[in-house]
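Since the structure comes first, as structure tokens, the remarks are kept for the end.
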Amino acid sequence: MLSRKASEDSHGQDSSYFLGWQEYEKNPYHPIHNPTGIIQMGLAENQLSFDLLESWIQRNSDAVEMKKLDGASVFKELALFQDYHGLPTFKNELVKFMAKIRGNVIKFDSENLVLAAGATSANEILMFCIADPGEAFILPTPYYPGFDRDLKWRTGVEIVPMHCSSSNGFRITSSCLEQAYQQAQNLNLNVKGVLITNPSNPLGITMTKSELHKLVDFALDKNIHIISDEIYSGTVFDSPKFVSIMEVINERIHENDEISKRVHIVYSLSKDLGVPGFRVGMIYSNNKMVVSTATKMSSFGLISSQTQYLLANLLGDDEFTFKYMDENKRRLKKRKQILVTGLRNAGISCLKSNAGLFCWVDMRHLLSSATFEAENELWKRILYQIGLNISPGSSCHCSEPGWFRICFANMSQEALQVAMRRIKIFTDSNSTMFSIKQQLVTSTKPIIITTVEGKLLIGFSSYHGKNNQKPINNFSSKIKK
Numbered sequence: 120m121l122s123r124k125a126s127e128d129s130h131g132q133d134s135s136y137f138l139g140w141q142e143y144e145k146n147p148y149h150p151i152h153n154p155t156g157i158i159q160m161g162l163a164e165n166q167l168s169f170d171l172l173e174s175w176i177q178r179n180s181d182a183v184e185m186k187k188l189d190g191a192s193v194f195k196e197l198a199l200f201q202d203y204h205g206l207p208t209f210k211n212e213l214v215k216f217m218a219k220i221r222g223n224v225i226k227f228d229s230e231n232l233v234l235a236a237g238a239t240s241a242n243e244i245l246m247f248c249i250a251d252p253g254e255a256f257i258l259p260t261p262y263y264p265g266f267d268r269d270l271k272w273r274t275g276v277e278i279v280p281m282h283c284s285s286s287n288g289f290r291i292t293s294s295c296l297e298q299a300y301q302q303a304q305n306l307n308l309n310v311k312g313v314l315i316t317n318p319s320n321p322l323g324i325t326m327t328k329s330e331l332h333k334l335v336d337f338a339l340d341k342n343i344h345i346i347s348d349e350i351y352s353g354t355v356f357d358s359p360k361f362v363s364i365m366e367v368i369n370e371r372i373h374e375n376d377e378i379s380k381r382v383h384i385v386y387s388l389s390k391d392l393g394v395p396g397f398r399v400g401m402i403y404s405n406n407k408m409v410v411s412t413a414t415k416m417s418s419f420g421l422i423s424s425q426t427q428y429l430l431a432n433l434l435g436d437d438e439f440t441f442k443y444m445d446e447n448k449r450r451l452k453k454r455k456q457i458l459v460t461g462l463r464n465a466g467i468s469c470l471k472s473n474a475g476l477f478c479w480v481d482m483r484h485l486l487s488s489a490t491f492e493a494e495n496e497l498w499k500r501i502l503y504q505i506g507l508n509i510s511p512g513s514s515c516h517c518s519e520p521g522w523f524r525i526c527f528a529n530m531s532q533e534a535l536q537v538a539m540r541r542i543k544i545f546t547d548s549n550s551t552m553f554s555i556k557q558q559l560v561t562s563t564k565p566i567i568i569t570t571v572e573g574k575l576l577i578g579f580s581s582y583h584g585k586n587n588q589k590p591i592n593n594f595s596s597k598i599k600k
């Protein structure tokens, strides 16, 4: 017999978010070897600026070869056990980079920084530090599907969804916060905090300073914590500018210095630098007890010394990091516009966004009914009929069926254009089928159904001849490039 944890089904792996990945891995798109395969649009990965990183590495081979500027090797030093507090040089460069992304309006102290193997690990560590099993965190919806695994699976912490509405662009409001808190009370759950993503995943929007102040007011009133996951802070490519929760805290420290001890930031280099495989995450907190406990817990998921050494050199190159951030944002904005334009040509709109690696896409008009069952049907049709893996809103706990997250930075521009052609074909076919269904319902004329070259022909006639027949593409066959 195995443990209860091993045998229970609480990981969230059966979510459509993960199921879509599994289908993609069985049949991945390749422009030459598998042009009819599935295009992965459910992965928030930044692959747009690898050439900039590779160019820096070529110019700075000593950092890769683990040498100092004088040519002396640090291989042995890095290969041996390191203090799990992290390399001081890396932590110092990291806090400077975090400040740079935020326009240097706030400064960070490396003594308040805890390193972790990615934001996944950082968020879980904070759950262990702040809440006991059975206690709860409020999360505004829609939220990143992986949080169901990251925050709950090993910690036993509960998530209370705070349902936001499309009527105001899914913005957080005081009334939504209060409703979620009351829901937790009704369930006899002790709320320990609110976790936000800013910029939002999956919405791709930044929170305003006014919204952040309301959140702080709520936390003060309820005597709870705030975790601000800011891993997309360097992807803000359009106005309004990014405002960190720490900026708001610094403005209010004179009111109540206790709130600064209950606000914690999670950050990572996975999205801004596009290096998720390096597993670089961190926690920033002014709470000494949280920093101490989180540091002890970080020993279960450390960043390798070699990775820290390489990135300390890269982040320490101010000229490179400034140029990289500007160019990366420019590329993200351009790529997002390709997606928005392609979807618009297919009759699909997106929530207005200014950050992130994805768009929040409105497909409510394509649903057969305003239900999550219909949303799941549409998701399956898009996945299996036209070979696009996108994330349905239900996997993000959206309270309104018909919304989807579509990523745009994890593929080539050519692959994105192929995806846009596929979805245009899909919506055109969907529109044709809807028109035919309406005619089937309203027409009193005889229905003529034939097949020609494998295509279904449906027509209507007032006599025994055939006319007005329309071909319907057979989407069960493979999609052309």
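Positions 120 to 600 (the working numbering) are the ones given, in order, by the sequence shown.
Glycine included, C-beta positions come from ideal geometry on N, C-alpha and C.
Every value quoted in this text rests on a predicted model; they were computed, and no experiment measured them.
Option in the options with minimal Cα separation from residue i
i           : options            : result
residue 322 : 492, 480, 123      : 480
residue 547 : 465, 505, 524      : 465
residue 346 : 248, 416, 168, 411 : 248
residue 359 : 300, 334, 271, 472 : 472
residue 124 : 273, 494, 232, 300 : 273
residue 290 : 262, 270, 268, 267 : 262
residue 483 : 468, 475, 221      : 468
residue 90  : 517, 538, 544, 543 : Nothing in the structure corresponds to residue 90, since the chain is present only between 120 and 600.
residue 534 : 141, 126, 149      : 149
residue 300 : 315, 280, 170      : 280
residue 151 : 544, 537, 549      : 537
residue 455 : 304, 191, 355, 200 : 355
residue 180 : 126, 514, 440, 430 : 430
residue 405 : 461, 434, 385, 442 : 385
residue 127 : 320, 275, 440      : 275
residue 549 : 515, 523, 497      : 497
Residues of its chain near residue i, where Cβ-Cβ distance is below 6 Å and the 5 sequence neighbours each way are ignored
i           : result
residue 206 : 427
residue 394 : 388
residue 596 : Its pLDDT being 39, under 50, residue 596 is placed unreliably in this model, and the coordinates cannot settle the point.
residue 250 : 276, 311
residue 439 : 175
Residues near residue i in its chain [Cβ-Cβ closer than 8 Å; skip 5 each side]
i           : result
residue 490 : 520
residue 146 : 153, 156, 157, 506
residue 446 : 168, 171
residue 513 : 135, 491, 494, 495, 520
residue 330 : 290, 291
Distance, residue j Cα to residue i Cα
i           : j           : result
residue 63  : residue 418 : Outside the shown range of the chain, which is 120 to 600, sits residue 63, and nothing can be said about it.
residue 326 : residue 362 : 7 Å
residue 156 : residue 178 : 37 Å
residue 342 : residue 310 : 9 Å
residue 239 : residue 470 : 26 Å
residue 424 : residue 400 : 14 Å
residue 296 : residue 337 : 8 Å
residue 602 : residue 317 : This structure leaves residue 602 out entirely; the chain is present only between 120 and 600.
residue 139 : residue 186 : 43 Å
residue 339 : residue 502 : 45 Å
residue 265 : residue 220 : 25 Å
residue 234 : residue 174 : 27 Å
residue 495 : residue 511 : 7 Å
residue 542 : residue 450 : 23 Å
residue 383 : residue 432 : 27 Å
residue 202 : residue 411 : 14 Å
residue 328 : residue 214 : 22 Å
residue 504 : residue 194 : 52 Å
residue 477 : residue 227 : 29 Å
residue 587 : residue 500 : In this predicted model, residue 587 has a pLDDT of only 43, less than 50, meaning its place in the structure is not dependable enough to derive any value.
residue 461 : residue 232 : 42 Å
residue 381 : residue 403 : 11 Å
residue 332 : residue 485 : 38 Å
residue 268 : residue 237 : 14 Å
Residues that DSSP places opposite residue i in a beta bridge
i           : result
residue 526 : 477
residue 149 : 153
residue 347 : 315, 384
residue 469 : 480
residue 505 : DSSP lists no partner for residue 505.
residue 256 : 278, 312
residue 402 : 233, 385
residue 158 : 507
7 Å Cβ shell around residue i - same chain, five flanking residues per side excluded
i           : result
residue 224 : 366
residue 372 : 379
residue 176 : 183
residue 458 : 478, 525, 527, 535
Residue i Cβ short of 7 Å to the ligand PLP heavy atom set
i           : result
residue 419 : Ligands in the displayed structure: none, and consequently the ligand PLP is not present.
Any chain C beta carbon closer than 8 Å to residue i
i           : result
residue 377 : The structure shown contains no chain C; it is built from a single protein chain.
Subject >> Given 8 Å, three or more beta-carbon pairs between the stretch 374-393 and the stretch 349-356 >> reply: Because the criterion of three Cβ pairs below 8 Å is met, the stretch 374-393 and the stretch 349-356 touch.
**OP:** Specify whether the stretch 158-167 and the stretch 525-536 touch according to this definition: at least 3 beta carbon pairs, one from each stretch, less than 8 Å apart.
**Re:** Between the stretch 158-167 and the stretch 525-536 there are three or more C-beta pairs closer than 8 Å, enough to call the two in contact.
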